[in-house]
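Top line first, the protein sequences correspond to chains A and C.
Going by my numbering, 770 is the number at position 2 of the first sequence; the sequence numbering is gapless.
Going by my numbering, 919 is the number at position 151 of the second sequence; the sequence numbering is gapless.
Cβ coordinates follow ideal geometry from the N, Cα and C atoms, glycine included.
The structure presented is a predicted model; accordingly, all values stated were derived computationally and were not measured.
There are 2 protein chains.
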Amino acid sequence: MTTSLRVSRIASTDVAIPDTVSTSGTARRILEQAMRLFASSGYGSTSIRDIAEASGVQSATLYAHYQSKADILAELVLIGHTEHHRRLRAAILEAGSEPEQQLAALVRAHVLSHAEMSMLAIVANSEMHLLPDDLVGSAAALRQESTNMMIDVIQRGVDRGVFDTPDPLLAAAAIGGMGIRVASWFRPGLGWTEEELSDAYTVFALRIVGSKTVPE
Amino acid sequence: MTTSLRVSRIASTDVAIPDTVSTSGTARRILEQAMRLFASSGYGSTSIRDIAEASGVQSATLYAHYQSKADILAELVLIGHTEHHRRLRAAILEAGSEPEQQLAALVRAHVLSHAEMSMLAIVANSEMHLLPDDLVGSAAALRQESTNMMIDVIQRGVDRGVFDTPDPLLAAAAIGGMGIRVASWFRPGLGWTEEELSDAYTVFALRIVGSKTVPE
DNA sequence: GTCTATACTATGATAGAC
DNA sequence: GTCTATCATAGTATAGAC
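#1: So which residues on chain A does S776 (chain C) lean against when the C-beta distance must stay under 8 Å?
#2: Can you tell which of C:P936, C:V950 and C:E964 has its C-alpha closest to the C-alpha of A968 (chain A)?
#3: Nearest to S824 (chain A) by CA position, among A:I840, A:T794, A:Y831 and A:H852, is which residue?
#4: Whole-angstrom Cβ separation of E895 (chain C) and L841 (chain C), contact assumed at under 8 Å?
#5: Cα separation between L830 (chain C) and I819 (chain C)?
#6: When you compare only the Cα positions, how much space is there between F806 (chain C) and V783 (chain C)?
#7: With H, G and I counted as helix, E and B as strand and the rest as coil, what does DSSP make of Y834 (chain C)?
#8: Do three or more CB pairs link the segment 881-889 of chain C to the segment 900-914 of chain C at distances below 8 Å?
#9: By the DSSP assignment, the alpha helix (DSSP H) with L910 (chain C) in it spans what residues?
#10: In this structure, how does DSSP classify M769 (chain C) when only helix, strand and coil are distinguished?
#11: Leaving out five residues before and five after P983 (chain C) in sequence, what residues of the same chain have Cβ atoms less than 7 Å from its Cβ?
#12: Output needed for V977 (chain A): all residues of its chain with C-beta closer than 7 Å, excluding positions within five of it in sequence on either side, in chain order.
#13: Between which two residues does the alpha helix (DSSP H) carrying T970 (chain C) extend?
#14: Does the CB of L874 (chain A) have a neighbour CB from chain C at under 7 Å?
#15: Give me the chain A residues within the contact set of M1026 (chain C), using Cβ-Cβ distance strictly less than 9 Å, ordered along the chain.
#16: How far does the alpha helix (DSSP H) with I943 (chain C) in it extend, from its first residue to its last?
#17: Exposed or buried, what is T788 (chain C) when buried is set at 16 or more other beta-carbons lying within 10 Å of its beta-carbon?
#18: Taking DSSP as the reference, what is the three-state secondary structure of R777 (chain A)?
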């Protein structure tokens with residue numbers, strides 16, 4: 769058996785952008801193609817002309833829709849963080865009051881977000897640091913809020929005695945990290961559906977925090 | 769209280785390169801500064817002139833030491849993967865024959881590797897995909913071997929009945945992922961030593977695989 | 001090995017016609 | 001909104017003196 773050793777930073781080829789994004793026409797195509805190119809080649813190695821060619825327009829046309837290359841990245845990073853945060857927030861609102869339910873809902877939303885919109889997640893996570901300070905603000909705030917949601921739920925479970933872990937911050941870092949990484953390797957057809965994946969990771973998370981009641 | 773929202777992709781500022789790398793003098797300085805710049809700004813956004821200036825030489829001098837910008841990245845990626853693989857291999861050799869001991873040793877080495885050499889890990893993991901095919905080969909093979917080590921140990925624990933998890937591949941992905949992510953956020957002075965960090969992650973890993981004997 | 005100088009190409013962005 | 005044409009700069013890499 770031969771295994772390909774070609775290294776990509778993302779397994780998925782799906783250029784999914786959330787339905788909540790109303791951008792359409794050329795601007796939409798630019799966004800999608802920039803996302804695809806940023807994910808595969810990186811922001812710094814992707815030129816305005818690359819994006820234009822992939823979008824089927826001349827490079828000058830890009831500037832009728834976005835002020836600069838950095839602005840395109842900024843919009844993608846904001847879309848990614850907004851959608852991720854929206855999903856976590858919705859999940860916790862529907863989860864009931866038990867810490868186990870809340871953590872399960874958060875992890876499910878976190879993992880599904882990274883599995884269903886891998887490309888957007890890769891760009892939002894891996895290229896965000898290249899944005900100039902003035903373009904990064906809102907996304908960074910959303911990111912911090914999402915992290916806090918996870919920490920708070922774990923802390924509450926520990927306080928109530930239903931979780932058993934000495935350091936909620938470390939548990940949150942581990943759970944967050946394993947979910948973020950999903951965007952790099954997951955794609956449909958590997959043998960798991962998105963549901964099976966998120967169910968498995970939910971069990972992992974509940975085990976990490978030492979939950980007394982872990983589903984199987 | 770005010771929290772800075774500035775986003776960096778790496779918390780550590782330590783330009784550590786493994787002792788096993790014998791490169792010295794100007795070539796060493798080039799390697800270190802390229803690593804620092806690739807980690808903070810990305811390969812595509814770092815120019816030959818940036819690396820030269822940071823290394824205290826003219827840009828033409830770089831070519832007396834490396835054939836191209838891609839060759840500098842290739843060397844860093846190979847160093848990173850070689851050191852990581854070396855540590856995992858050493859860990860498992862010293863671990864005894866029990867799956868719990870072996871998994872603990874692997875996770876400890878994996879996490880310490882990403883905590884002690886964060887910058888190298890970020891470059892090796894995040895920029896590897898930018899290498900042309902002919903420069904990526906050995907590193908990709910080492911990566912696959914490291915992954916297999918983790919999977920094999922978990923599978924063996926399941927087969928022996930000391931681990932309880934339905935899918936060793938998913939468990940390995942989760943454990944590997946949470947460790948890789950450490951390189952992004954960990955730095956000395958946050959409140960955990962590298963030892964405390966790796967101990968905590970070892971417990972997480974043993975919990976993830978459903979080990980019957982988890983240390984506390 | 002390191003420098004100065006430079007070739008050649010690619011880059012982000014703008015001007016102005018349609 | 002989209003095009004052609006273009007500017008100004010920055011990019012990788014090389015030549016040749018010391």
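According to the structure data:
#1: Correct list: H897.
#2: Of the candidates C:P936, C:V950 and C:E964, the one whose C-alpha sits nearest the C-alpha of A968 (chain A) is C:P936.
#3: Residue identity differs from the one stated: residue 824 (chain A) is Gly in this sequence, not Ser. In terms of CA proximity to G824 (chain A), A:T794 leads the group A:I840, A:T794, A:Y831 and A:H852.
#4: Rounded, the Cβ-Cβ distance is 6 Å, consistent with contact.
#5: Going from the Cα of L830 (chain C) to the Cα of I819 (chain C) covers about 8 Å.
#6: Counting only the Cα atoms, V783 (chain C) lies some 12 Å from F806 (chain C).
#7: Of the three classes helix, strand and coil, the one that applies to Y834 (chain C) here is coil, per DSSP.
#8: Taking one beta carbon from each stretch, the segment 881-889 of chain C and the segment 900-914 of chain C have fewer than 3 pairs nearer than 8 Å; the two do not touch.
#9: It spans G905 to D927 - the alpha helix (DSSP H) in which L910 (chain C) sits, taken as one unbroken run.
#10: Its pLDDT being 39, under 50, M769 (chain C) is placed unreliably by the model, and the measurement read from it follows with that caveat. Reduced to three states, the DSSP call for M769 (chain C) is coil.
#11: Cβ-Cβ distances below 7 Å link P983 (chain C) to V971 in the same chain, with the five nearest sequence neighbours on each side left out; the list follows chain order.
#12: If we look at V977 (chain A) and ignore the five residues flanking it on each side, its Cβ neighbours are L871, I922, G925, F931, T933 and A939.
#13: In the DSSP annotation of this structure, the continuous segment of the alpha helix (DSSP H) that includes T970 (chain C) starts and ends at E962 to I976.
#14: No, its Cβ sits nowhere closer than 7 Å to a Cβ of chain C.
#15: No statement about residue 1026 (chain C) is possible, as the shown extent of chain C runs from 769 to 984 and does not include it.
#16: Note, I943 (chain C): alpha helix (DSSP H), P936 to W953.
#17: T788 (chain C) should be labelled exposed.
#18: Three-state result, R777 (chain A): coil.
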